[in-house]
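As structure tokens, the structure follows; a few thoughts come after it.
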Amino acid sequence: MARPRTRKQRWDHPLYNIGYCFNRDGVVHTNISYDNKRYRQATPLNWLPENKKSALKILEERIVSLMNPNDEKDVTNDNQVQSVFVLIKKFSEIHVKNLSKTAQRKYSYACSTFIKKDFFLLQVDDIQDHISHNKNRCHLHDNTKRKLLMNLKQLFDYAISRGYMPRNPVIKEMLPKPVKSKNVVFTFNEVEKLIHYFQKTEKKEFSLLIRFIANTGVRIAEAISIKWKDIKDDMILIHGKGNRERQFPIKPFPEVAEILTELIEFKEINNGKLFKWNSYAKLEKWIRDAIAELEINKDVNFHAIRKMFENRLINDEDLDSNIVAEILGHSRRIQEQHYLEVLGAKRMEEIIMRRRNKKEK
0 MARPRTRKQR WDHPLYNIGY CFNRDGVVHT NISYDNKRYR QATPLNWLPE NKKSALKILE
60 ERIVSLMNPN DEKDVTNDNQ VQSVFVLIKK FSEIHVKNLS KTAQRKYSYA CSTFIKKDFF
120 LLQVDDIQDH ISHNKNRCHL HDNTKRKLLM NLKQLFDYAI SRGYMPRNPV IKEMLPKPVK
180 SKNVVFTFNE VEKLIHYFQK TEKKEFSLLI RFIANTGVRI AEAISIKWKD IKDDMILIHG
240 KGNRERQFPI KPFPEVAEIL TELIEFKEIN NGKLFKWNSY AKLEKWIRDA IAELEINKDV
300 NFHAIRKMFE NRLINDEDLD SNIVAEILGH SRRIQEQHYL EVLGAKRMEE IIMRRRNKKE
360 K
């Protein structure tokens with residue numbers, strides 16, 4: 000390609016006379032002449048006046064990278080992964096595809112929430128500003144923002160490990176401080192009202208889903224991923240968070256067997272799945288609409304039903320925290336924390352004394 004003949008056809012850097020940006024087919028390219036060699040490379044930017052500043056910044060970073068190869072990793076060697084969108088695609092193909100469906104959705108949501116346009120990977124400051132801007136604009140809970148940004152941080156950690164970019168645009172200072180959430184729990188009577196409400200509105204399968212969660216304590220994402228082949232005579236195989244599997248015992252909870260019997264009528268039309276749904280955003284809206292109509296004055300969702308079952312295991316069944324952790328798919332640390340929150344000192348004292356009396360007998 001011939002050298003651009005006029006200044007209108009190229010953008011010169013104000014400090015470095017060894018390089019300039021030029022237009023090729025509507026896309027900004029950089030040209031650098033250094034050490035008797037010429038380096039020409041595309042950018043992810045279109046040739047538009049508003050992109051001039053970003054283009055010159057890319058040019059400067061490429062010049063500095065060539066002049067000081069030991070200062071930071073030379074990301075110009077990999078011609079395939081140069082932009083954020085290409086990085087997202089590659090990371091998805093290599094890493095994300097091996098995660099659970101829920102984790103894949105969270106990763107995709109993190110990218111779509113905080114990355115609205117493409118950037119060259121050397122534009123670390125611009126990427127950081129863009130993510131911060133979108134973080135401040137979105138109306139998500141701070142805990143949700145924090146989790147999504149941590150997913151995004153993993154993406155850029157991968158880019159750094161491959162030498163695609165020099166540093167991570169998601170820094171510690173960008174992460175919102177974790178907020179301890181209030182434990183809002185459904186009562187047994189409130190769940191019964193919900194079940195009857197959906198039975199009357201001809202949503203029998205959804206009422207069975209609520210009953211199932213209320214009697215197993217599984218997460219909503221776990222419930223809608225169960226297949227009939229996961230169910231044996233005495234247990235249900237639950238595909239939990241982080242691809243961790245656990246077994247739920249059926250015999251100690253006879254109502255679960257009754258629910259499974261009622262669900263048989265949907266077995267064929269659900270193509271081997273216990274429940275037909277693949278996502279639960281719509282289902283949570285049904286819950287919110289129902290509690291508004293039933294005048295249940297609580298900000299609740301499926302987790303509040305799961306929490307009710309957890310409280311039942313702790314208060315009524317008097318189970319050890321390790322067993323509760325296994326049933327619910329909690330870590331031991333989290334379950335011990337929940338145990339203390341649910342019981343309180345007086346209730347713990349009663350349980351300790353009762354267990355001591357049993358041992359003495």
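Residue 152 in numbering that gives the first Met the number 0 sits at position 153 of the sequence shown; the count goes up by one each step and never skips. We put the beta carbon where it would ideally sit given N, CA and C, even for glycine.
Item: Taking all protein chains shown into account, decide if Asn76 is buried (16 or more other Cβ within 10 angstroms of its Cβ) or exposed.; Value: Note on Asn76: pLDDT 45, under 50, position unreliable in the model; no value is reported.
Item: Would you identify the three-state DSSP class for Thr112, choosing helix, strand or coil?; Value: helix
Item: Nearest CA to the CA of Asp141: which residue from Met164, Met173, Val123 and Ser278?; Value: Met173
Item: Helix, strand or coil: which one does DSSP assign to Thr200?; Value: coil
Item: Please say whether Asn150 and Lys105 have beta carbons closer to each other than 9 Å?; Value: yes
Item: Counting pairs of beta carbons, one from the stretch 162-170 and one from the stretch 194-211, are three or more of them closer than 8 Å?; Value: no
Item: Quick check on Val74: does DSSP put it in helix, strand or coil?; Value: For Val74, the predicted model reports a pLDDT of 40, less than 50, meaning its position is unreliable; a value from the coordinates is still stated below. Of the three classes helix, strand and coil, the one that applies to Val74 here is helix, per DSSP.
Item: Is the CB-CB distance between Ile219 and Leu293 below 9 Å?; Value: no
Item: Residue range of the alpha helix (DSSP H) that His132 falls in?; Value: Val123 to Arg136
Item: Going straight from the alpha carbon of Arg305 to that of Ile209, what length do you get?; Value: 10 Å
Item: Please say whether Ile57 and Val83 have beta carbons closer to each other than 9 Å?; Value: no
Item: Based on DSSP bridge pairs, tell me the residues matched to Trp10.; Value: Cys20
Item: Roughly how many angstroms separate the alpha carbons of Val74 and Val80, rounded to a whole number?; Value: Confidence is the limiting factor: at Val74 the pLDDT is only 40, short of 50, which leaves the residue's position unreliable and the question unanswerable from this model.
Item: Expressed to the nearest angstrom, what Euclidean distance is found between the alpha-carbon atoms of Asn67 and Ala54?; Value: 20 Å
Item: Alpha carbon to alpha carbon, how far is Met0 from Arg39?; Value: Here the model assigns Met0 a pLDDT of 46, short of 50, so the residue's position is not dependable, and the following value carries that caveat. Approximately 10 Å between the Cα atoms of the pair.
Item: Of all the alpha helix (DSSP H) runs that stay within the bounds of the stretch 226-262, which reach a length of 4 or more residues?; Value: 253-262
Item: So, helix, strand or coil for Gln40, using DSSP?; Value: strand
Item: Quick check: what's the CA-CA separation for Glu325 versus Arg245?; Value: 7 Å
Item: Compare the Cα-Cα distances from Gly18 to each of Leu65, Asn45 and Val123 and report the closest residue.; Value: Leu65
Item: Let me know the secondary structure DSSP gives Tyr91 once reduced to three states.; Value: The amino acid at residue 91 is misidentified as Tyr; the sequence shows Ser. Ser91: helix per DSSP, three-state reduction.
Item: By how many angstroms is the C-alpha of Glu49 removed from the C-alpha of Gly25?; Value: 14 Å
Item: So, is Pro13 buried or exposed, given that buried needs 16 or more other C-beta atoms within 10 angstroms?; Value: exposed
Item: So, is Lys231 buried or exposed, given that buried needs 16 or more other C-beta atoms within 10 angstroms?; Value: exposed
Item: According to DSSP, simplified to helix, strand and coil, what is Thr29?; Value: strand
Item: Within its chain, find whatever has a CB closer than 8 Å to the CB of Tyr15; leave out the 5 residues flanking it on each side and keep chain order.; Value: Leu58, Glu59 and Ile62
Item: Would you mind reading off the limits of the alpha helix (DSSP H) that contains Asp288?; Value: Ala280 to Glu292
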